[in-house]
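See structure below.
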Amino acid sequence: MLNFYMTPGSCSTGIHILLEELDLLFSAYVLNLPAGDTQKPDFLAINPKGTIPVLVTDEGVVLTEFASIAWWLAVKHPKAGLLPEDITSQAQVLEILNYAVSTIHGHGFTRIFTPERYLFREEDKEGILRQGKSLVAKGFNTIEKQFGGKTGYLFDQFTIADAALFYVEFWANRTELPLPPFCRQHFNTMISRPVVKRVLAEEGYRV
Ligand SMILES: N[C@@H](CCC(=O)N[C@@H](CS)C(=O)NCC(=O)O)C(=O)O
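If you want it as structure tokens, here you go:
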């Protein structure tokens with residue numbers, strides 16, 4: 020059985036959606052991120068980076084990093100079509116997935132949720148928050164430039180990139196940051212997907 024380490028409402032929600040889209044059996048280990056569970060020795064022994072999501076495969080291999088876990092799930096279950104068939108389209112899916120995870124989350128939301136990581140002086144906090152919001156806005160506007168005018172999912176089918184873009188849109192929605200039109204309709208498309216509804220309900224959210 021797969022073991023999945025997660026925190027409700029965090030980036031692991033994107034992986035949670037993929038696991039349930041695939042209808043996989045897994046044990047969920049819920050970590051309290053604000054309480055510092057990811058920095059405790061028992062979790063660091065599993066993932067020395069101290070981050071979720073983590074997926075431990077049936078063979079006991081520990082997979083960390085959103086992109087790596089999402090790609091592994093998609094390739095292991097090709098019939099689900101979480102990646103397109105041709106290699107160039109697969110690269111485009113990974114391009115958007117990585118942009119959401121590394122840039123919008125990693126550069127933008129990390130500054131908004133944990134400004135203290137970037138502070139040299141307490142009085143810089145407001146500036147870091149502003150910088151985070153500006154990076155998030157730039158990230159969504161970049162997605163908009165590429166996908167503006169389109170409706171539905173990012174590509175012709177629901178892919179692992181949709182799960183990644185969704186969790187940053189979910190954060191924008193919760194923190195009342197604006198989403199440009201494509202991203203807003205993408206968010207609405209995602210929350211009307213039955214599996215997404217179920218995962219959010221399981222994680223304690225009503226959208
Ligand atoms: N690059 C990592 C980032 C994961 C990440 O930042 N996860 C956050 C939760 S959304 C986390 O575990 N933060 C705890 C920490 O950094 O101490 C990935 O792609 O999985």
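Going letter by letter, the sequence shown gives residues 20 to 226 in the working numbering.
Note that the Cβ used here is the ideal one computed from N, Cα and C, for glycine as well.
Residue i, buried or exposed, once every other Cβ within 10 Å from all chains shown has been counted against 16
i: residue 50; result: buried
i: residue 168; result: exposed
Ligand 1 heavy atom lying under 7 Å from the CB of residue i
i: residue 226; result: no
i: residue 163; result: no
i: residue 125; result: yes
i: residue 72; result: yes
i: residue 153; result: no
i: residue 84; result: yes
Short Cβ contact (8 Å threshold) for residue i with residue j
i: residue 82; j: residue 179; result: no
i: residue 139; j: residue 190; result: no
i: residue 46; j: residue 23; result: yes
i: residue 119; j: residue 41; result: no
i: residue 222; j: residue 27; result: yes
Opening and closing residue of the beta strand (DSSP E) in which residue i lies
i: residue 22; result: 21-25
i: residue 73; result: 73-75
i: residue 46; result: 45-49
Endpoints, alpha helix (DSSP H) assigned at residue i
i: residue 32; result: 31-40
i: residue 186; result: 179-193
i: residue 110; result: 106-117
i: residue 148; result: 144-166
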